[in-house]
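The next block holds one structure in the form of structure tokens; read it before the comments.
In this note's numbering, the protein residues as written are 3 to 352.
Following this line, the structure appears as structure tokens:
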């Protein structure tokens with residue numbers, strides 16, 4: 003998909019205006035879990051009426067952060083809630099660009115670190131409990147919806163989940179899709195080059211009959227009203243029947259840059275064909291790579307990453323002759339915002 007220069011300029015100017023006119027609050031906390039030893043680091047971006055000075059959140063030597071006011075009071079009124087799920091070895095800061103932009107548009111946006119599959123927590127035991135990822139999101143929804151004094155009042159009929167990579171699978175699971183470990187294992191014999199098969203083999207989530215049953219269980223949270231996947235993986239293990247009957251609208255966004263490990267035709271495009279045509283939409287962004295959905299890299303970051311760990315510089319690469327990552331992300335943000343609004347409009351017309 004391509005956007006005319008005039009439209010991109012308008013989006014850019016609108017984003018600047020929103021940042022000036024709509025202050026954003028930010029809070030971080032830990033969700034304890036004494037029963038399962040799965041504490042979650044959670045951050046929340048939300049609309050605020052504060053006039054306090056902002057600070058850069060998530061800004062580091064590699065990635066550009068976003069401005070917000072830490073612990074600011076929330077704005078009045080009801081707000082839609084969006085929950086973010088990161089990919090394998092990612093973290094809550096990967097989609098700061100999206101969280102900030104949607105908070106400026108009136109959304110409360112929560113993001114969590116999934117234990118075992120996050121940047122600083124790669125515990126094999128936690129990673130193997132793949133079915134806990136949708137439960138993590140449910141816990142985030144519980145916390146935000148029950149604390150309006152901290153984050154603002156949630157419009158309970160407008161709760162969406164957006165996931166990148168493995169987070170896209172997580173989003174579909176909490177929306178009602180079902181996973182078949184045997185189907186996926188069989189499929190990986192035919193497509194062993196896929197990154198999802200490699201990651202699944204490392205995590206080994208179906209090593210026992212109990213874990214296989216947990217992975218295949220119904221993990222839906224009926225409060226979720228829409229889902230968005232960003233160049234997802236692991237979708238080939240989702241059952242045709244559960245996808246065909248997915249009860250909420252779905253937007254599937256794919257990276258169009260050719261990839262052996264995450265080809266759009268075998269992951270996102272294949273998924274989209276199995277979703278209900280009336281309530282789903284598929285968009286492939288030709289110059290986006292799998293990592294275009296992560297934060298904008300600073301100048302020199304790619305070289306620095308390569309020096310530290312050869313191969314990691316790919317995190318900062320988009321497609322050849324691609325638009326800047328910031329412009330690509332403006333397109334993605336607009337697609338998501340328009341999709342979520344149109345989903346509400348469709349429900350209102352029923």
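The beta-carbon is built from N, C-alpha and C at its ideal position, and this holds for glycine as well.
For residue 2, the first and last residue of its enclosing alpha helix (DSSP H): Outside the displayed span of the chain (3 to 352) sits residue 2, for which this structure offers no information.
In angstroms, rounded to a whole number, what distance separates the CA positions of residue 317 and residue 94? Numbered from 1 along the chain shown, position 315 holds the residue referred to as residue 317. Numbered from 1 along the chain shown, position 92 holds the residue referred to as residue 94. Going by the C-alpha atoms only, they are around 16 Å apart.
With 16 other Cβ atoms within 10 Å as the buried cut-off, status of residue 322: Residue numbering aside, residue 322 sits at position 320 when the chain shown is read from its first letter. So residue 322 ends up on the exposed side.
Classification of residue 127 by the beta-carbon crowding that lies within 10 angstroms, buried from 16 upward: Position 125 of the chain shown holds residue 127. So residue 127 ends up on the exposed side.
Same chain, Cβ closer than 6 Å to residue 222, neighbours up to 5 away in sequence not counted: Start at 1 with the first residue of the chain shown, and residue 222 comes out as number 220. Cβ neighbours of residue 222 beyond the five flanking positions: 178.
Where does the unbroken beta strand (DSSP E) through residue 265 begin, and where does it stop? The residue you call residue 265 lines up with position 263 of the chain shown. Neither: residue 265 is in no beta strand (DSSP E) and is coded neither H nor E.
Mapping the DSSP letters down to three states, classify residue 284 as helix, strand or coil. Numbered from its first residue, the chain shown carries residue 284 at position 282. Looking at residue 284 - three-state DSSP - the assignment turns out to be strand.
Name the two residues that bound the continuous beta strand (DSSP E) containing residue 141. One-based indexing of the chain shown puts residue 141 at position 139. Careful: residue 141 lies outside any beta strand (DSSP E), inside the alpha helix (DSSP H) at 134-147.
Closest Cβ-Cβ distance between residue 80 and chain D: below 8 Å? Annotation note: the requested chain D is absent from the structure, which comprises a single protein chain.
Less than 6 Å between C-beta atoms, sequence neighbours within five positions excluded: which residues of the same chain meet that for residue 238? Within the chain shown, the letter at position 236 stands for residue 238. Same-chain partners within the cutoff: 189.
Check this for me: beta carbons of residue 87 and residue 165, under 8 Å apart or not? For the purposes of this step, residue 87 is identified with residue 85 of the chain shown, where counting begins at 1. For the purposes of this step, residue 165 is identified with residue 163 of the chain shown, where counting begins at 1. Yes, the pair counts as a contact, with Cβ atoms nearer than the cut-off.
Just verifying my parser: in three-state terms, what is the DSSP assignment at residue 354? Since the first and last residues shown for the chain are 3 and 352, residue 354 lies out of range.
Delimiting residues of the alpha helix (DSSP H) encompassing residue 368: The chain is shown only over 3 to 352; residue 368 falls outside these bounds and no answer can be derived.
Roughly how far, in whole angstroms, is the beta-carbon of residue 129 from the beta-carbon of residue 205, given that I think they are within contact range, below 8 Å? In the chain shown, residue 129 corresponds to position 127, counting from 1. In the chain shown, residue 205 corresponds to position 203, counting from 1. The pair is a contact, with the Cβ atoms about 5 Å apart (cut-off 8 Å).
Pairwise C-alpha distance: residue 35 and residue 299: Residue numbering aside, residue 299 sits at position 297 when the chain shown is read from its first letter. Residue numbering aside, residue 35 sits at position 33 when the chain shown is read from its first letter. Looking at the two C-alpha atoms, the distance is approximately 34 Å.
Using the Cβ count rule (16 or more neighbours within 10 Å means buried), how would you classify residue 342? Taking the first residue of the chain shown as 1, we reach residue 342 at position 340. Buried, because 16 or more other Cβ atoms sit within 10 Å of the Cβ of residue 342.
Cβ-Cβ distance between residue 270 and residue 251 below 8 Å: Counting from one through the chain shown, the residue named residue 270 turns up at place 268. Counting from one through the chain shown, the residue named residue 251 turns up at place 249. Cβ atoms of residue 270 and residue 251: not closer than 8 Å.
Go through its chain and collect everything with a Cβ distance to residue 69's Cβ below 8 Å, but skip five positions before and after it. Taking the chain shown and counting its residues from 1, one reaches residue 69 at position 67. Apart from sequence neighbours up to five positions away, the residues of its chain that approach residue 69 with a beta-carbon distance below 8 Å are 21, 26, 56, 57, 58, 59 and 102, ordered along the chain.
Touch test, the region 289-299 against the region 256-271, Cβ-Cβ under 8 Å, three pairs minimum: Under the 8 Å Cβ criterion, the region 289-299 counts as touching the region 256-271, having at least three qualifying pairs.
Residue 105 and residue 49 look like a contact to me (Cβ under 8 Å); what is the Cβ gap, rounded to whole Å? Here residue 105 refers to the residue found at position 103 of the chain shown. Here residue 49 refers to the residue found at position 47 of the chain shown. Right, the Cβ-Cβ distance comes to about 6 Å (below 8 Å), so this counts as a contact.
Quick check: what's the CA-CA separation for residue 51 versus residue 309? Locating residue 51 in the chain shown gives position 49, counting from the first residue. Locating residue 309 in the chain shown gives position 307, counting from the first residue. Each residue's alpha carbon lies about 43 Å from the other.
Three or more C-beta pairs under 8 Å: does that hold for the region 143-159 against the region 116-123? The region 116-123 and the region 143-159 do not touch, with fewer than three beta-carbon pairs separated by less than 8 Å.
Determine the direct distance from the alpha carbon of residue 91 to that of residue 45, and round the result to whole angstroms. Taking the chain shown and counting its residues from 1, the one referred to as residue 45 is at position 43. Taking the chain shown and counting its residues from 1, the one referred to as residue 91 is at position 89. Going from the Cα of residue 45 to the Cα of residue 91 covers about 17 Å.
Ends of the beta strand (DSSP E) at residue 130? Counting from one through the chain shown, the residue named residue 130 turns up at place 128. Premise fails: residue 130 lies in the alpha helix (DSSP H), 126-130, not in any beta strand (DSSP E).
According to DSSP, simplified to helix, strand and coil, what is residue 325? For the purposes of this step, residue 325 is identified with residue 323 of the chain shown, where counting begins at 1. Correct three-state label for residue 325: coil.
Residue 275 in three-state terms, based on DSSP: For this step, residue 275 is matched to residue 273 along the chain shown. Residue 275 carries a helical assignment under DSSP once its states are collapsed to helix, strand and coil.
Quick one: using the 10 Å Cβ neighbour count with 16 as the cut-off for buried, is residue 158 buried or exposed? Numbered from 1 along the chain shown, position 156 holds the residue referred to as residue 158. Exposed: under 16 other Cβ atoms inside 10 Å.
Using the C-alpha atoms, what's the distance from residue 89 back to residue 307? Here residue 307 is taken as the residue at index 305 of the chain shown, counted from 1. Here residue 89 is taken as the residue at index 87 of the chain shown, counted from 1. Rounded to whole angstroms, residue 307 to residue 89 spans 19 Å at the Cα level.
Go through its chain and collect everything with a Cβ distance to residue 253's Cβ below 6 Å, but skip five positions before and after it. Residue 253 sits at position 251 when you count from the first residue of the chain shown. Contacts found: 230, 283 and 341.
Is the beta carbon of residue 180 closer than 8 Å to that of residue 220? The sequence position of residue 220 within the chain shown is 218, counting from 1. The sequence position of residue 180 within the chain shown is 178, counting from 1. It is a contact, given that the beta carbons lie within the stated cut-off.
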